[in-house]
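In the numbering used here, the protein residues as written are 1397 to 1846.
Positions of the beta carbon are idealized from the N, C-alpha and C atoms, including for glycine.
Beneath this line is the structure, given in C-alpha cells, with notes to follow.
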C-alpha cells in the first residue's frame, strides 16, 4: 500500500514538473469590465486563443498551457486597440495607459518583451528623425556646411540604432526577440547617395538580415511586413499602372526566390501574396505566382502545400480569358439552368448572400444595367442556407434575374467549383462564356457592363 502511494506521488511530481503553466497579467487603464482577447499572429492572420473580462481597474490575466506555441500574440479589445506581446513560455506582466500610439507600455516582467519594447522605442524615435533628415538632405545643397552637419547627425542616429540592435541581439542569444529584431532591422542607405542609388541600395540589401530558414518568423508579422515593405520600394519606379505591375512581379520573384530555401516559409509567403493580390484584384500577380510556383520541388506534402496547389489550379482555371467552368442547376423556381446555354452578349455571375452588407452595395448597381436579356443576363448564386431569408431578400429588392440557391452555405457544388471564399464575388463573361472581368466593387461594375 505504502509502495503504491509512493509511486502515485512520484508520478504526480513527474507530470507536475513537465506540465508548466505561465500567466499573462495586464492592466489597461480605463478599460473597465470589458471583453479582451488573446490572439495568435501568423503573418496577417489572427486566431483567438483565449478571452476574458477586465475588472474595474482594467486588470486581467490569461493562463498559457504547454500547448500554447511561442510567437507573437496580441491582447486586443477591438479594432485598433491592441498590445503586441512576444510569448516564449515565461510569465508576462505589463501596464499600459491605453491603446494609442503615444500610450506608454511598461513591461514589468518578461525578458522577451523588455527586449522587444526597448527596440521599438529606439526604432520609433530614430527612424522618425532619420526620415526627416533624409527628406531634408535630398533637397538641400550639398556644398553648404550645414549639409555636412545634417549628414553627421544622420549617421549618428543610424549607428545608434544599429549598435543598440547589436547589443540586444548579442546579449540575448536564443530569445525570440533577438530573432525578430534581427529580421526587422531597418535597411538605411547612405544619405549622400543620389535618391536613385539609395533606392537601389535598399532593394539590394533589404533581406540581408532575414533568415528565411527560420520558421519561427512565421509566427509573427515580421516576414509579411518585410514582403510588403520590399514591394513598396518599387512604387516610385513606375510611370504607369502597367509598369508598376511589372515591377511588382520582379519584387515577387525576389521574395519567393529567397523563401525557396525553406518549404514552410515559401508556402507561408506564397499564400500571403496570393491572398493579398486577390484582395486588390491584381490578376497579373496571381497568374505570375501560379505559373512560376516551385511547390513541386518540395518533398513534404503539408496541408498548406495541398491547399496552395489547389489554389494555383483554381487561379489558372479562373484566369481572365479562360472559359468559365460550366454548371447545371435549378433556379429557385425549379427551372433548369445551364451556364453554357445562356444566350446573352454578356453574363454576370455573382456569388452573394442575403446577410452580406457589401452585396447590398454592389447588386443594385448590377440591377441598374439589367434590362434586355439578350444584352445582359445575370445569374446570382446564393450562399444562403435559409430559403426563407433568401426569398425575403429577393422580394424586398425585386431582383428578377436568374437566382440559384443550393442552400448548402459554402459547401454548394457551384461555390466549391469556383473556389468562392468571400461575398460578393463577381465574374463578367462574354457571349462565349469567357471571363472578361472580375470587378471588386460597385465602382468597377460600370466599366464592364456599360
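Residue i versus residue j: straight-line alpha-carbon distance, rounded
{"i": "residue 1693", "j": "residue 1657", "result": "11 angstroms"}
{"i": "residue 1592", "j": "residue 1600", "result": "12 angstroms"}
{"i": "residue 1473", "j": "residue 1454", "result": "11 angstroms"}
{"i": "residue 1834", "j": "residue 1659", "result": "31 angstroms"}
{"i": "residue 1651", "j": "residue 1788", "result": "48 angstroms"}
{"i": "residue 1807", "j": "residue 1800", "result": "14 angstroms"}
{"i": "residue 1631", "j": "residue 1668", "result": "19 angstroms"}
{"i": "residue 1840", "j": "residue 1740", "result": "21 angstroms"}
{"i": "residue 1411", "j": "residue 1417", "result": "Any reading at residue 1411 is ruled out, since the residue's pLDDT is 43, under 50, leaving its predicted position unreliable."}
{"i": "residue 1696", "j": "residue 1567", "result": "36 angstroms"}
{"i": "residue 1478", "j": "residue 1441", "result": "14 angstroms"}
{"i": "residue 1364", "j": "residue 1522", "result": "Since the first and last residues shown for the chain are 1397 and 1846, residue 1364 lies out of range."}
{"i": "residue 1554", "j": "residue 1532", "result": "16 angstroms"}
{"i": "residue 1852", "j": "residue 1829", "result": "An answer regarding residue 1852 cannot be provided, because it is not within the stretch 1397 to 1846 covered by the chain."}
{"i": "residue 1413", "j": "residue 1462", "result": "Note on residue 1413: pLDDT 48, under 50, position unreliable in the model; the coordinate value appears next. One C-alpha to the other measures close to 12 angstroms."}
{"i": "residue 1756", "j": "residue 1763", "result": "11 angstroms"}
{"i": "residue 1476", "j": "residue 1836", "result": "25 angstroms"}
{"i": "residue 1701", "j": "residue 1663", "result": "6 angstroms"}
{"i": "residue 1426", "j": "residue 1689", "result": "49 angstroms"}
{"i": "residue 1590", "j": "residue 1534", "result": "8 angstroms"}
{"i": "residue 1400", "j": "residue 1447", "result": "In this prediction, residue 1400 has a pLDDT of 47, which is less than 50 and means its spatial position is unreliable; nothing more can be read from the coordinates."}
{"i": "residue 1844", "j": "residue 1495", "result": "43 angstroms"}
{"i": "residue 1672", "j": "residue 1620", "result": "10 angstroms"}
CA nearest to the CA of residue i, picked from the options
{"i": "residue 1774", "options": "1633, 1759 and 1507", "result": "1759"}
{"i": "residue 1729", "options": "1796, 1714 and 1663", "result": "1796"}
{"i": "residue 1434", "options": "1457, 1452, 1818 and 1722", "result": "1457"}
{"i": "residue 1438", "options": "1753, 1727 and 1467", "result": "1467"}
{"i": "residue 1792", "options": "1528, 1750, 1583 and 1676", "result": "1750"}
{"i": "residue 1432", "options": "1441, 1445 and 1440", "result": "1445"}
{"i": "residue 1842", "options": "1765, 1802 and 1502", "result": "1765"}
{"i": "residue 1747", "options": "1819, 1826, 1579 and 1829", "result": "1819"}
{"i": "residue 1790", "options": "1743, 1727, 1732 and 1733", "result": "1727"}
{"i": "residue 1511", "options": "1421, 1548, 1571 and 1527", "result": "1571"}
{"i": "residue 1422", "options": "1628, 1709 and 1459", "result": "1459"}
{"i": "residue 1772", "options": "1744, 1752, 1786 and 1794", "result": "1744"}
{"i": "residue 1548", "options": "1564, 1558, 1529 and 1612", "result": "1529"}
{"i": "residue 1846", "options": "1767, 1447 and 1809", "result": "1767"}
{"i": "residue 1626", "options": "1538, 1636 and 1643", "result": "1643"}
{"i": "residue 1470", "options": "1436, 1452, 1490 and 1502", "result": "1436"}
{"i": "residue 1574", "options": "1620, 1598 and 1484", "result": "1484"}
{"i": "residue 1781", "options": "1452, 1603, 1706 and 1804", "result": "1804"}
Proximity of residue i and residue j at Cβ, strictly below 8 angstroms
{"i": "residue 1505", "j": "residue 1482", "result": "no"}
{"i": "residue 1816", "j": "residue 1823", "result": "no"}
{"i": "residue 1827", "j": "residue 1721", "result": "no"}
{"i": "residue 1515", "j": "residue 1561", "result": "yes"}
{"i": "residue 1618", "j": "residue 1661", "result": "no"}
{"i": "residue 1542", "j": "residue 1587", "result": "no"}
{"i": "residue 1676", "j": "residue 1711", "result": "no"}
{"i": "residue 1877", "j": "residue 1480", "result": "Any answer about residue 1877 is impossible in this case: the structure gives the chain only from 1397 up to 1846."}
{"i": "residue 1622", "j": "residue 1606", "result": "yes"}
{"i": "residue 1595", "j": "residue 1629", "result": "yes"}
{"i": "residue 1686", "j": "residue 1716", "result": "no"}
{"i": "residue 1681", "j": "residue 1704", "result": "no"}
{"i": "residue 1779", "j": "residue 1811", "result": "yes"}
Span of the alpha helix (DSSP H) around residue i
{"i": "residue 1607", "result": "Where residue 1607 is concerned, there is no enclosing alpha helix (DSSP H), given that its DSSP letter is neither H nor E."}
{"i": "residue 1789", "result": "1783-1793"}
{"i": "residue 1655", "result": "1637-1655"}
{"i": "residue 1661", "result": "1659-1676"}
{"i": "residue 1694", "result": "From DSSP, residue 1694 is part of no alpha helix (DSSP H); its letter is neither H nor E."}
{"i": "residue 1896", "result": "Residue coverage of the chain in this structure runs from 1397 to 1846, which leaves residue 1896 outside it and unanswerable."}
{"i": "residue 1765", "result": "1753-1765"}
{"i": "residue 1716", "result": "Run containing residue 1716: none; DSSP gives neither H nor E here."}
{"i": "residue 1809", "result": "1809-1813"}
Boundaries (first-last residue) of the beta strand (DSSP E) holding residue i
{"i": "residue 1840", "result": "Residue 1840 -> no beta strand (DSSP E), and no H or E assigned at all."}
{"i": "residue 1724", "result": "1724-1726"}
{"i": "residue 1742", "result": "1742-1748"}
{"i": "residue 1490", "result": "1488-1492"}
{"i": "residue 1687", "result": "Here residue 1687 belongs to no beta strand (DSSP E); instead the alpha helix (DSSP H) covers 1679-1687."}
{"i": "residue 1773", "result": "1772-1778"}
{"i": "residue 1798", "result": "1798-1801"}
{"i": "residue 1630", "result": "Neither: residue 1630 is in no beta strand (DSSP E) and is coded neither H nor E."}
Problem - alpha helix (DSSP H) segments (min. 4 residues) lying fully within the region 1554-1622 - result: 1572-1580 and 1591-1601
Handout entry: Any beta strand (DSSP E) of 3 or more consecutive residues that is wholly inside the region 1448-1476
Key = 1455-1460 and 1467-1474
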